[in-house]
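Engineer: Please read through the structure below; I'll follow up with questions.
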Amino acid sequence: MKKLIIASLLGAMSFTASAQWEGGLGYVHMSEEVLGQDMNLGAMVLNLRYDFTPEEKLHWIPGIRLGKGVKGDAFNVGYGEKVDIELERFMSIDFRLQNDFNENLYVYLAPSYANAKFTAEDGDYKESHSEWELGGGVGIGLKFNQKNSIEASYETFDGTDLFSLSWIGTF
Numbered sequence: 235m236k237k238l239i240i241a242s243l244l245g246a247m248s249f250t251a252s253a254q255w256e257g258g259l260g261y262v263h264m265s266e267e268v269l270g271q272d273m274n275l276g277a278m279v280l281n282l283r284y285d286f287t288p289e290e291k292l293h294w295i296p297g298i299r300l301g302k303g304v305k306g307d308a309f310n311v312g313y314g315e316k317v318d319i320e321l322e323r324f325m326s327i328d329f330r331l332q333n334d335f336n337e338n339l340y341v342y343l344a345p346s347y348a349n350a351k352f353t354a355e356d357g358d359y360k361e362s363h364s365e366w367e368l369g370g371g372v373g374i375g376l377k378f379n380q381k382n383s384i385e386a387s388y389e390t391f392d393g394t395d396l397f398s399l400s401w402i403g404t405f
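So, in structure tokens, the structure goes:
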């Protein structure tokens with residue numbers, strides 16, 4: 235029994251030793267049709283992930299993103315009234331399945347659970363709304379070297395489309 239426990243611990247240590255942290259900075263463009271008009275918002279996002287299988291062709295990578303809104307939009311609601319919409323924050327938790335085509339190019343699928351907090355204001359009235367939604371996306375990445383890559387992705391969450399571009403580094 236003692237040998238089994240020691241072998242299990244050594245196996246877990248070697249699995250963890252081959253894992254690596256990844257992090258970076260990106261921009262997320264969010265679009266959705268609201269009241270028959272296109273809403274376009276943007277956020278700067280920090281990415282943090284943990285690649286459990288960096289030496290393999292197929293990667294299992296859980297991650298989180300935390301973002302701050304940097305681009306708002308305004309809507310015509312009739313009678314000459316406009317409502318300003320701001321994205322206050324964006325965050326998501328995802329679990330990526332990534333496949334390396336070669337040492338420079340990879341693609342991935344990622345189911346996600348995301349939260350966005352919006353604020354709507356029409357001058358006299360201000361209201362905030364936050365909700366969590368389940369969604370998913372696909373992406374492609376290009377590695378410049380062993381430590382740096384650039385990624386582009388498309389995700390969808392209940393009618394909201396997200397396009398993102400990120401720089402990712404390994405540490």
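Here our numbering = 1-based position in the sequence shown + 234. Glycine included, each C-beta is placed from N, C-alpha and C at the ideal position. On a predicted model such as this, the values are computed, not experimentally measured, just so you know.
(1) Please state whether DSSP places Ser269 in a helix, a strand or coil.
(2) Shorter than 8 Å from the beta carbon of Pro288 to some beta carbon of chain C?
(3) If you reduce the DSSP assignment to three classes, tell me which class Gly306 lands in.
(4) From Lys377 to Leu396, what does the alpha carbon distance come to, in whole angstroms?
(5) Just grab the DSSP bridge partners of Lys291 for me.
(6) Gly357: buried (16+ other C-beta within 10 angstroms of its C-beta) or exposed?
(7) State the start and end residues of the unbroken beta strand (DSSP E) segment that holds Phe397.
(8) If I follow the unbroken beta strand (DSSP E) through Asp334, where does it start and stop?
Structural biologist: With the given structure in hand:
(1) To locate residue 269, count along the sequence shown from 1; it is residue 35. Position check: residue 269 holds Leu in this sequence, whereas Ser was assumed. DSSP places Leu269 in coil when its eight states are reduced to three.
(2) Absent from the structure is chain C; it holds one protein chain and no more.
(3) Here residue 306 refers to the residue found at position 72 when the sequence shown is read from its first residue. Looking at Gly306 - three-state DSSP - the assignment turns out to be coil, as it is neither helix nor strand.
(4) As a working mapping, residue 377 is identified with position 143 in the sequence shown. As a working mapping, residue 396 is identified with position 162 in the sequence shown. For Lys377 and Leu396, the distance between alpha carbons rounds to 22 Å.
(5) The residue given as residue 291 occupies position 57 in the sequence shown. Looking at the DSSP output, Lys291 sits in no beta bridge, so it has no partner there.
(6) In the sequence shown, residue 357 corresponds to position 123, counting from 1. Gly357 is exposed by the Cβ-count criterion.
(7) Counting from one through the sequence shown, the residue named residue 397 turns up at place 163. Note, Phe397: beta strand (DSSP E), Thr394 to Thr404.
(8) Here residue 334 refers to the residue found at position 100 when the sequence shown is read from its first residue. Run containing Asp334: Glu315 to Asp334, per the beta strand (DSSP E) assignment.
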